[in-house]
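So the sequences go chain by chain: A and B. Anchor point for the first sequence: position 293 equals 293 in our numbering, and the numbering is continuous, going up by one each time. Anchor point for the second sequence: position 195 equals 641 in our numbering, and the numbering is continuous, going up by one each time. These notes concern the structure reproduced below.
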Amino acid sequence: MAKFTRRNLIQTGLAAGAVLAAKGCANSTDQSESTEATTETTTEDGPKSPEFNANHSKDVTLRFIGTGVSQINEIREKAEEDLGFKLEMRALSTDDNNQIAITQPGQYDIFDGEYFSLPLVIPSGNLRPLDVKRIRQFDKLVPIFTTGNLYDGAPVNESQGTAPRKVMFLTGEDSTEFADEPTDWATLIPFQYNADTLGWRPDLVDKEINSWAQLFDSDFQGKTAILDIPSIGIMDAAMAIEASGLMTFSDKGNMTREELDQVTEILIEQKRNGQFRAFWKTFDESVNLMASSEVILQSMWSPAVTAVRARGLPCQYGPLKEGYRGWGGGIGLSRNLSDIELDAAYEYLNWMLDGWLGAFLGRQGYYSAAPENSKKFMEDYEWAYWYEGAEAAEEILDPFGEKIAEKGSKRDGGSFEERMGNVICWNSVMDEQTYLVQKWNEFVAA
Amino acid sequence: MKTWKQLQTYLLVTPQTLVFLLFLLFPLLTIFVVSFWEFNGYAMSPALILGNYKAIFTPVYLATYLNTFKFTVIVWGLALAIAYPVAYFLAFHIHDLRWQIGLFVLCTIPFFTSNIIRMISWIPFLGREGILNQVLLNLGIVQAPVDIFLYSDFAVVLAMLHLYTLFMVVPIFNSLVRIDRDLIAAALDSGASGLQVFKEVVLPLSLPGIAIGSIFIVTLVMGEFTTVRLMSGGQASSVGSAIRNQIGSLQYPQASANAVILLLVTLAIVVGIMRTFDIRKEL
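This is the structure:
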């Protein structure tokens, strides 16, 4: 029989405590990922209540997965109020979002994702082709998503990369093949999109920023950042490289292996020279980098710019002579949906284009997929500021009520046509995607 | 009667065995199997190919492994250098049990918050406009903010030390307090100097503690990816972060192959440590 003394007991206890603490650490490294992806709106995927009754749409709960930018509580509350059923939102990083969409179809009813993800997600067959006849406002959609022709002569009509027009339609009801022409079967119904560009702190940058090439400007050595999401980061890099005249591409949106090799080589050289301060994966990371002055010039997303401004710091998001990198997000439905839940999901799609949501997101700088409808939900001066590039007749507030622009100021880049019309490439999944990811990892590891 | 006793033993180990089989061995086997599968850009399919392993033996991944070893060795060395004196002080210089416990709890205070928060709180401290740089600037020690405090290897090592040093302190302390004080008295009576006592008596008897602490540190740091990513601003890579990137781009077979190699390497180090020191003596 072992003899227990108080001292012995305490020592054993401490050692056991250390083991527990070690285990705790191992666990919390996993949790960090969800922390990164703004956990605020995350909810449990609990089983439906035993009383679940499929006859009442008010008992329906639709489970969303999406990236943090659009998983906003205010949107969920308004939709639940208007539609009468429940929504559960899970905010994920872009990577995790695609991953769950492809590998765990039972985990979600509604996929809120980007168009560039579709060449990865659609072959899995987990998304249901959407019957456009059930979308009441379908004809109000901006042509960027349908014919691809925004207005005659717009650079966006010929844009490179995974442009929404290339992945918007499927060839049939059970098809997983993209159609070249509009059909009755859509992949996603769009609700937000934008023209991304470089953002900078005008109080810390004392020269004019007018080209993507300035991402590699030695004056900003150690003070720039790029995104560490391969499909997006590579496009920013390509814009900067092409603008600097370091190399040319036949199609930036679908690079060859040789082009990827060359891009990686240039990026690694820039990295070794200490050009970059950091690489970011989630939108709040980019906000923090900019707000803490660690980075003064970087590729940004529009809501990140408004978030920096809402903290009272100047942040410009300017037009560059080469044009913009575009992206578009939409909602797709899981193939598992049926009956009343499917009807509810279509109701959500219709609600989404009714205008309230477009107006809400519009105040963060996104564009609405059906702008005419959103106009009804915006004040005239707001519409003029965000869509027409006019001077703000009043202070501009973000959807949460924070002031983000003074009276008399103008939106960087001007009107909707000037901004979206000048999108020359989109976030992309390329034929050489595996190779792209491999080369991107090399760059990060270098 | 004897068979019942035998049966009893088997019954007692059954739950634990099942848990191990189901939650450790089965997932590991799955990872091992998947590491030979094929990946075509968006989906994986069963196959028996070695390509995933071959890809690891390329300069980039070897550099990533080297980088991971670098962090492991540096963190291990520094953790030992910090932990040993702390444990020694607690074990030999604090004689009152209550003080010993009190000071020990003091060491664990950082563990009262989650390790992510502990790590992230370094960022505003070390940043270009952080407290440290402001103090140095105000004291006139530096003329311009020092960049390498944050988003650098320095920041990664610092955060890891903060997170993991205690795992070295505890086992060393544990082995030090178990040393029979009569042995030290005997050594001193035989005319040994303080240094000799340490070298000939204390250090050898505390080696199992060092070994256990080393196993903790090695396994923790080898598998790290969050600290590396956050503190290096995404600029440094470890095997863990490479695996994470591959999972993010759905390349499960490649990620599995990396996981298998990482597991083998880590196991080899741990076995090496166990062979060198008799840890059972300690437990």
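Ideal Cβ positions, reconstructed from N, Cα and C, are used throughout, including at glycine.
Secondary structure at T146 of chain A: coil, using DSSP grouped into helix, strand and coil. Contact of V60 of chain A with chain B is not assigned, every C-beta pair being separated by 7 angstroms or more. Out of A:K439, A:V60, A:Q137, A:L333, the CA that lies nearest to the CA of T256 of chain A is found in A:K439.
Setting aside the 5 residues that flank it on each side, I241 of chain A is surrounded in the same chain by M247, V263, I266, each with a C-beta closer than 7 angstroms to its C-beta; the list follows chain order.
Going by DSSP, I189 of chain A is part of no alpha helix (DSSP H) but of the beta strand (DSSP E) stretching over 189 to 200. Taking C-beta atoms under 8 angstroms as the contact rule, S683 of chain B and T518 of chain B fail to qualify, at a distance of about 14 angstroms. Per DSSP, S159 of chain A lies in no alpha helix (DSSP H) and is assigned neither H nor E. In this structure, the beta-carbon distance from G318 of chain A to D412 of chain A falls below 7 angstroms. Residue burial annotation: I72 of chain A is buried, with at least 16 other C-beta atoms found within 10 angstroms of its C-beta. Take the alpha-carbon of V664 of chain B and the one of K516 of chain B: they are about 11 angstroms apart. Contact check for T183 of chain A and L204 of chain A: beta-carbon distance about 50 angstroms, past the 8 angstroms limit, so the pair fails to qualify. Against T510 of chain B, the close residues of chain A are A445, in the order they occur along the chain (beta-carbon pairs closer than 7 angstroms). For L713 of chain B, the uninterrupted alpha helix (DSSP H) segment begins and ends at 698 to 722.
In its chain, beyond the 5 residues on either side, L215, Q275, F276, R277, V295, L297, Q298 have a beta carbon closer than 7 angstroms to the beta carbon of T224 of chain A. Listed along chain B, no residue sits closer than 8 angstroms to S117 of chain A by beta-carbon distance, the nearest being about 10 angstroms off. With a cutoff of 7 angstroms on beta-carbon distance, V429 of chain A and P105 of chain A are scored as not near each other. K403 of chain A is positioned such that its CB atom lies no closer than 7 angstroms to that of E391 of chain A. Against chain A, a Cβ distance below 8 angstroms from Y597 of chain B picks out R277, A278, E294. Only residues of its own chain outside the window of five on either side were considered, and among them Q700, A701 have a CB closer than 6 angstroms to the CB of Q692 of chain B, listed in chain order.
Counting only runs of at least 3 residues, the region 504 to 587 of chain B fully encloses no beta strand (DSSP E) element at all. Comparing C-alpha distances from G161 of chain A to each of A:N336, A:V305, A:I234, A:A405 shows the shortest one belongs to A:I234. Among the residues of chain B, none has a CB under 9 angstroms from the CB of P314 of chain A; the nearest is roughly 16 angstroms distant.
DSSP places L320 of chain A outside both helix and strand once states are collapsed to three, so it counts as coil. Identification of chain A residues near G573 of chain B by a Cβ-Cβ cut-off of 9 angstroms yields S292, S293, E294, ordered along the chain. About 5 angstroms separates the Cβ atoms of T611 of chain B and I528 of chain B, confirming a contact at the 8 angstroms cut-off.
V602 of chain B and V674 of chain B do touch by the CB rule: their CB atoms are close to 6 angstroms apart, below 8 angstroms. Within chain B, no C-beta atom comes nearer than 9 angstroms to that of G355 of chain A; the closest sits roughly 35 angstroms away. For D628 of chain B and R726 of chain B, the gap between their C-alpha atoms comes out near 23 angstroms. N441 of chain A has a beta carbon lying within less than 7 angstroms of a beta carbon in chain B. Membership of W383 of chain A in the alpha helix (DSSP H) is indicated by the continuous run 380 to 388.
Proximity of N584 of chain B to chain A, defined by a Cβ-Cβ separation below 7 angstroms, is not satisfied. In this structure, the straight-line span from the alpha carbon of F111 of chain A to that of V121 of chain A is close to 10 angstroms. Listed as beta-bridge partners of C425 of chain A by DSSP are A:Q160, A:R325. Interface residue (Cβ-Cβ distance to chain B less than 7 angstroms): G222 of chain A is classified as such. In terms of beta-carbon proximity, Q298 of chain A stays away from the interface with chain B, with every pair separated by 7 angstroms or more. In the three-state scheme derived from DSSP, where H, G and I count as helix and E and B as strand, G332 of chain A is classed as strand.
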